[in-house]
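Student: Its first residue numbered 1, the first sequence is counted upward by one per residue in the UniProt record's numbering. Heads up, the beta-carbon is just placed ideally off N, CA and C, and yes, glycines get one too. The structure displayed is predicted, hence computed values, not measured ones.
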Amino acid sequence: MTQEKLLLLDGNSLAYRAFFALPPLTNSQGIHTNSVYGFTTMLQKILEEEQPTHILVAFDAGKTTFRHSTYTEYKGGRQKTPPELSEQFPYLRKLVEAYNMKRYELENYEADDIIGTLARQAESRGLPVVVISGDKDLTQLATDNTTVYITRKGMTDIEHYTPAHIEEKYGLKPLQIIDMKGLMGDASDNIPGVPGVGEKTAIKLLKEHPSVEEVYENIDAMKASKMKEKLVANKEQALMSKELATILLEAPIEVKVDDLKWDGPNVDELFTLWKELDFKTLIEKSEYESEEHETMELDYKIVDDLTDKELVTGLAIHLEIENEHYHTALQLGVAFVNEEQAYFVTYENVLKSESIKNYLEDEQKVKYVFDLKKHQAAFARDGIKLQGIEFDLLLAAYIDDPAFASDDVAAVSNHYHYSDIQSNEVVYGKGAKRTNPEGEALAEHACRQALAVFTVRDRVLKKLHENEQFDLYNEIELPLAKVLAGMEIEGIRVEASTLEEMGVEIKARLAEIEANIYAAAGEKFNINSPKQLGVVLFETLGLPVIKKTKTGYSTAADVLDKLKPEHDIIEHILQYRQLGKLQSTYIEGLTKEIHADDHKIHTRYQQALTATGRLSSTDPNLQNIPIRLEEGRKIRQAFIPEKEGWQLFAADYSQIELRVLAHMSQDENLMQAFLHGLDIHTNTAMKVFHVEEDAVTSNMRRAAKAVNFGIVYGISDYGLSQNLDISRKEAAEFIERYFESFPGVKTYMEDIVKEAKSQGYVTTLLNRRRYLPDLNSSNFNLRSFAERTAMNTPIQGSAADIIKKAMIDMDLALKEHKLQAKMLLQVHDELIFEAPVEEIAILEKLVPEVMANTVKLDVPLLADYSAGNTWYDAK
DNA sequence: GGTATCACG
DNA sequence: ACGTACGTGATACCC
């Protein structure tokens with residue numbers, strides 16, 4: 001039994017509030033919708049949070065009320081309701097109807113009075129009340145039983161007025177709000193109050209004497225002042241103002257609390273109205289989140305086995321597993337669905353069924369899934385080699401728009417207007433409440449997800465064809481998923497004892513450094529807490545503050561670097577941080593991920609996540625294993641080949657991003673540099689500093705390298721100045737000189753931003769897209785960020801396209817050459833293999849050749865390579 | 001769950 | 001004048 005709760009809404013006030021709070025919005029017919037929209041979003045939020053059982057929306061009736069007989073100027077001087085708002089009232093009425101909420105207005109009375117009267121009725125029977133308005137007058141109704149919600153700035157930012165909150169905010173009891181209004185008046189209602197008395201003065205007076213009446217009873221004792229004169233002169237007006245501000249608690253209303261029972265909205269009617277008003281995001285959000293939305297009947301069957309009659313080509317299959325870690329997660333069951341059948345088989349029964357296993361492995365039997373790689377990996381654990389996958393909704397949706405990447409079938413399907421499905425969060429619950437679904441719930445969820453894949457397939461493919469992205473999806477991402485599955489399943493051997501030995505040493509050194517730090521600081525504290533460290537450095541030790549974060553002092557490495565000359569403790573802290581990172585993230589973190597059975601680590605590549613088309617790696621991340629500092633680099637000694645007599649082999653693209661830039665910009669100087677095989681940073685230094693090669697100092701080369709990076713990132717003078725620790729002006733000059741030397745790059749950068757602004761997105765070499773809605777933002781920061789993104793994404797994304805294609809080619813090449821070598825890892829511009837020693841010489845020719853020739857650019861692609869007994873040694 | 005920091009390309 | 005380098009993931013704090 002749910003707790004009963006009454007919700008009372010001040011319709012007029014909320015409508016006005018929403019109208020002025022939101023920017024003008026219109027639907028496709030040009031009708032203004034901002035008030036209705038604000039009202040709706042507020043309502044959605046309140047309904048979800050409060051779960052009311054009774055609701056009434058009160059409106060003002062007509063122009064005059066009983067208050068006008070007290071004071072004819074009441075609410076006088078108000079601006080006429082703007083027509084843009086007036087035209088929205090019919091829709092507000094429809095909205096309230098669609099929500100199935102009781103609506104009420106009463107001649108001669110205001111919405112406030114209706115609300116006040118019902119709040120008191122509810123109070124007398126102990127029914128909790130929430131009042132919602134945009135008008136603070138209503139806070140006078142707050143009691144222990146009634147909370148008043150007042151909307152702030154937007155419509156969904158709401159302040160909760162309880163008696164305690166009012167006490168805290170004004171130092172007054174709720175009923176004293178009336179006295180406050182009596183004294184200070186209210187300009188919006190044209191209540192005069194006492195001229196010259198504002199909120200501060202009114203509160204001060206009421207703290208001395210708790211009501212308007214008592215203020216006047218004690219007025220003689222007040223010492224002479226301008227204020228006293230005004231109070232005396234306006235006594236009648238103050239008392240009348242108080243009367244006007246008082247909400248009636250006994251209005252002659254005809255509705256009773258019991259009439260207000262609410263059983264939820266009429267979903268169809270509500271959606272129809274939202275569609276008419278073009279509330280698209282609201283519809284999508286609501287369809288996705290709604291736990292109770294009606295799903296269509298689905299005629300699914302739970303069976304123990306399937307025969308060839310059911311196991312036909314062209315089924316959507318869906319393997320349901322207990323969590324996203326598909327290398328270890330418990331498999332629950334499989335759905336087999338097309339337009340005329342929906343079957344669910346528990347995983348246990350799948351393993352018992354030869355016919356099903358044969359079907360899954362039959363390449364001729366076409367199947368559709370959501371996340372091919374997950375399916376292949378999870379089935380592979382039981383020796384099932386899933387084949388014949390022709391469609392992957394996850395990848396197709398990612399190519400359509402990488403911003404909509406989601407591992408939830410429901411979220412992706414909703415994006416394609418298919419909503420007959422529930423999200424994993426709804427089915428599994430979240431946080432501590434998460435549990436695996438069983439029986440019917442499990443079967444239905446699996447079948448609905450498979451049906452979604454089956455249904456949405458046509459829509460997504462159509463879109464991919466329209467945008468000329470089908471090839472990218474079908475020739476790159478889909479085959480790559482299979483290659484990645486193989487790499488993940490294979491895994492890489494990591495020697496736990498190597499890590500452990502390093503850990504022992506690091507632990508001892510950390511203890512030593514820790515003691516040094518405490519000695520230097522003169523106290524013990526948590527070095528890992530930036531907050532505590534900040535206090536020690538900048539307060540106890542009084543070091544100069546160079547940079548601040550949102551929450552306090554910055555203690556980041558670049559700041560500490562500058563503080564090194566100031567105090568010996570800094571060196572120790574940097575050392576402590578470096579070793580602490582190695583210990584927690586790499587020694588301990590990686591050790592946890594080593595599988596006990598095969599001594600290997602099996603990462604998961606996220607193929608539908610990044611905005612640019614790159615992969616990412618999780619659980620653990622094998623794309624950020626230390627290399628820059630020698631101490632960290634040793635971690636790579638723990639990564640070894642699977643077998644005796646084998647080696648690791650690594651090959652990486654040289655300057656792939658700058659080569660892509662040369663190709664795309666067609667800048668003459670940049671292209672020449674690569675065509676002649678020059679050192680690119682030295683060459684840039686020569687051009688920027690106008691010197692001969694011999695005269696390029698290491699500092700000049702370092703600066704040129706930073707400029708080259710900056711160009712790839714979408715340059716800004718500030719960013720470059722930070723990186724090189726030079727002034728912004730100097731950085732700006734560098735950039736200017738760079739563009740003088742490489743005018744083609746300059747033109748390209750300008751053109752790409754222009755093009756992106758006009759079409760709304762940027763593209764890569766293989767036609768990957770990234771939409772950049774913020775390019776036209778009025779917010780400088782958002783817009784600048786989008787502009788840099790427009791410059792960076794085609795470069796980073798095209799490099800990602802190239803290595804993805806190289807991986808597919810490489811996988812094929814290994815098979816064609818019948819090599820035992822296996823591709824194990826990808827690190828953005830680098831591929832790592834393991835192979836018998838006798839194959840290394842073959843790889844040294846084959847791998848760079850495949851990588852260099854996978855696409856044809858107008859500058860050469862080049863890959864460097866190396867082999868060794870560990871990953872560390874393959875350098 | 002957000003923030004700071006630091007590891008990689 | 002605005003306040004930034006692009007793309008990620010893991011860990012430790014702290015509310």
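#1: Taking the C-alpha atoms as reference points, what is the distance between E294 and K367?
#2: Go through the segment 602 to 662 residue by residue and report every complete run of the beta strand (DSSP E) that reaches 3 residues or more, in order.
#3: I'd like the list of long-range same chain contacts for L43, defined as Cβ closer than 6 angstroms, with 5 residues on each side in sequence excluded.
#4: Ignoring anything shorter than 4 residues or poking outside the segment 487 to 533, list the alpha helix (DSSP H) runs there in chain order.
#5: Helix, strand or coil for M222? Go by DSSP, reduced to three states.
#6: Measuring alpha carbon to alpha carbon, tell me which of D263, E199, I253, K5 ends up nearest T147.
#7: Is the beta carbon of S35 closer than 8 angstroms to that of A61?
#8: Bridge partners of E320, per DSSP?
#9: If we ignore side chains and look at the alpha-carbon of each, how far apart do S554 and G580 end up?
#10: How would you call A867, buried or exposed, if buried means at least 16 neighbouring beta carbons within 10 angstroms?
#11: Nearest to V762 by alpha carbon, out of G76, L648, P860, A611?
#12: Roughly how many angstroms separate the alpha carbons of L442 and I399, rounded to a whole number?
#13: Select from G797, K822, Q796 the residue whose C-alpha is nearest the C-alpha of I808.
#14: Excluding five sequence neighbours on each side, which residues of the same chain lie with their C-beta closer than 6 angstroms to the C-beta of W871?
#15: Just mark L720 as buried or exposed, buried being the case when its beta carbon has 16 or more other beta carbons within 10 Å.
#16: Quick check: the Cα distance between Y91 and L9, rounded to an integer number of angstroms?
#17: Tell me the residue span of the alpha helix (DSSP H) that contains E588.
#18: With which residues is M832 paired in a DSSP beta bridge?
#19: Look at the Cβ atom of K102, then the Cβ atom of D263, and state whether they are nearer than 8 angstroms.
#20: Check this for me: beta carbons of E776 and K757, under 8 angstroms apart or not?
#21: Taking 7 angstroms as the cut-off, does the CB of Y16 come closer than this to any heavy atom belonging to the ligand ATP?
#22: For G196, count the other beta carbons within 10 Å of its own beta carbon; 16 or more makes it buried, fewer makes it exposed. Which is it?
#23: Could you check whether the segment 766 to 774 touches the segment 386 to 404, counting it as contact only if at least three pairs of C-beta atoms, one from each stretch, sit closer than 8 angstroms?
#24: I need the DSSP call for F391, collapsed to helix, strand or coil.
#25: Output needed for E390: all residues of its chain with C-beta closer than 6 angstroms, excluding positions within five of it in sequence on either side, in chain order.
#26: Beta carbon of D392, beta carbon of A335: below 8 angstroms?
#27: Here's the rule: buried if 16 or more other CB atoms are within 10 angstroms of the residue's CB, otherwise exposed. What is S665?
#28: Report the partner residues of H160 according to the DSSP bridge assignment.
#29: Whether or not the segment 578 to 594 and the segment 495 to 504 are in contact is what I'm after, with contact meaning three or more pairs of Cβ atoms, one per stretch, closer than 8 angstroms; do they touch?
#30: Please specify which runs of the beta strand (DSSP E), each continuous and at least 3 residues long, are wholly inside the segment 337 to 390, giving them in chain order.
#31: State yes or no: is the C-beta of L670 within less than 8 angstroms of the C-beta of V559?
#32: Measure the beta-carbon distance from Y653 to M810 and round it to whole angstroms, keeping in mind my assumption that it falls under 8 angstroms.
#33: Nearest-angstrom Cα distance between G714 and L814?
#34: Who pairs with H54 in a beta bridge, going by DSSP?
#35: Please classify Q79 as buried or exposed, where buried requires at least 16 neighbouring CB atoms within 10 angstroms.
#36: Mapping DSSP to helix, strand and coil, what is T272?
Tutor: Considering the structure as presented:
#1: As a position in the first sequence, residue 294 is number 294, starting the count at 1. As a position in the first sequence, residue 367 is number 367, starting the count at 1. In this prediction, E294 scores a pLDDT of 45, lower than 50, which makes its location untrustworthy; no coordinate-derived value is stated.
#2: 604 to 606, 616 to 618, 646 to 653
#3: As a first step, residue 43 must be located in the first sequence, where it is residue number 43. Answer for L43: no residue qualifies.
#4: 496 to 521
#5: To locate residue 222, count along the first sequence from 1; it is residue 222. Correct three-state label for M222: coil.
#6: Translated into positions along the first sequence, residue 147 becomes position 147. That would be K5, whose Cα lies nearest to the Cα of T147.
#7: For the purposes of this step, residue 61 is identified with residue 61 of the first sequence, where counting begins at 1. For the purposes of this step, residue 35 is identified with residue 35 of the first sequence, where counting begins at 1. No.
#8: If you number the first sequence from 1, residue 320 lands on position 320. G333, per the DSSP bridge assignment.
#9: Taking the first residue of the first sequence as 1, we reach residue 554 at position 554. Taking the first residue of the first sequence as 1, we reach residue 580 at position 580. Distance between the alpha carbons of S554 and G580: 18 angstroms.
#10: In the first sequence, counting from the first residue as 1, residue 867 sits at position 867. By the neighbour-count rule (16 or more Cβ atoms within 10 Å), A867 is buried.
#11: On the first sequence, position 762 is the one that residue 762 refers to. Nearest of G76, L648, P860, A611 to V762, Cα basis: A611.
#12: Taking the first sequence and counting its residues from 1, the one referred to as residue 442 is at position 442. Taking the first sequence and counting its residues from 1, the one referred to as residue 399 is at position 399. Whole-angstrom Cα-Cα distance: 30 angstroms.
#13: Within the first sequence, the letter at position 808 stands for residue 808. Checked all of G797, K822, Q796; the closest Cα to I808 is K822.
#14: As a first step, residue 871 must be located in the first sequence, where it is residue number 871. Same-chain partners within the cutoff: R636, F639, L648.
#15: On the first sequence, residue 720 is found 720 positions in, with the first residue counted as 1. L720 comes out buried.
#16: Position 91 of the first sequence, counting from 1, holds the residue named residue 91. Position 9 of the first sequence, counting from 1, holds the residue named residue 9. One C-alpha to the other measures close to 16 angstroms.
#17: Working through the first sequence from its first residue, we reach residue 588 at position 588. Segment: none, E588 is in no alpha helix (DSSP H) and carries neither H nor E.
#18: In the first sequence, residue 832 corresponds to position 832, counting from 1. Per the sequence shown, the amino acid found at residue 832 is Ile instead of Met. DSSP, once it has assigned bridges, lists A650, L825 as partnering I832.
#19: As a position in the first sequence, residue 102 is number 102, starting the count at 1. As a position in the first sequence, residue 263 is number 263, starting the count at 1. Their beta carbons are not under 8 angstroms apart, which means K102 does not touch D263 by this criterion.
#20: For this step, residue 776 is matched to residue 776 along the first sequence. For this step, residue 757 is matched to residue 757 along the first sequence. Note on residue identity: the sequence assigns Asn, not Glu, to residue 776. A contact, by the Cβ cut-off of 8 angstroms.
#21: What this structure holds is no ligand at all, so the ligand ATP is not there to describe.
#22: The residue you call residue 196 lines up with position 196 of the first sequence. Exposed, since its Cβ has fewer than 16 Cβ neighbours within 10 Å.
#23: yes
#24: Working through the first sequence from its first residue, we reach residue 391 at position 391. In this structure, F391 counts as strand in the three-state DSSP scheme.
#25: For the purposes of this step, residue 390 is taken as residue 390 along the first sequence, with counting starting at 1. Excluding sequence neighbours, E390 sits near V366.
#26: In the first sequence, the residue the question calls residue 392 occupies position 392. In the first sequence, the residue the question calls residue 335 occupies position 335. No, the pair does not count as a contact, with Cβ atoms beyond the cut-off.
#27: As a working mapping, residue 665 is identified with position 665 in the first sequence. Counting Cβ neighbours within 10 Å, S665 comes out buried, since at least 16 surround it.
#28: If you number the first sequence from 1, residue 160 lands on position 160. Answer is Y149, bridged to H160.
#29: yes
#30: 341 to 346, 367 to 369
#31: Taking the first residue of the first sequence as position 1, residue 670 is located at position 670. Taking the first residue of the first sequence as position 1, residue 559 is located at position 559. No, the Cβ-Cβ distance between L670 and V559 is not below 8 angstroms.
#32: Here residue 653 corresponds to residue number 653 of the first sequence, with the count starting at 1. Here residue 810 corresponds to residue number 810 of the first sequence, with the count starting at 1. In fact, because the Cβ distance is near 13 angstroms, the residues do not count as touching under 8 angstroms.
#33: What you label residue 714 is simply residue 714 of the first sequence in a count that begins at 1. What you label residue 814 is simply residue 814 of the first sequence in a count that begins at 1. Taking the straight line from one Cα to the other gives about 37 angstroms.
#34: The sequence position of residue 54 within the first sequence is 54, counting from 1. For H54, which the question treats as bridged, DSSP gives the partners L6, K261.
#35: Within the first sequence, the letter at position 79 stands for residue 79. Under this definition Q79 is an exposed residue.
#36: As a first step, residue 272 is located in the first sequence; it is residue number 272 there, counting from the start. DSSP places T272 in helix when its eight states are reduced to three.
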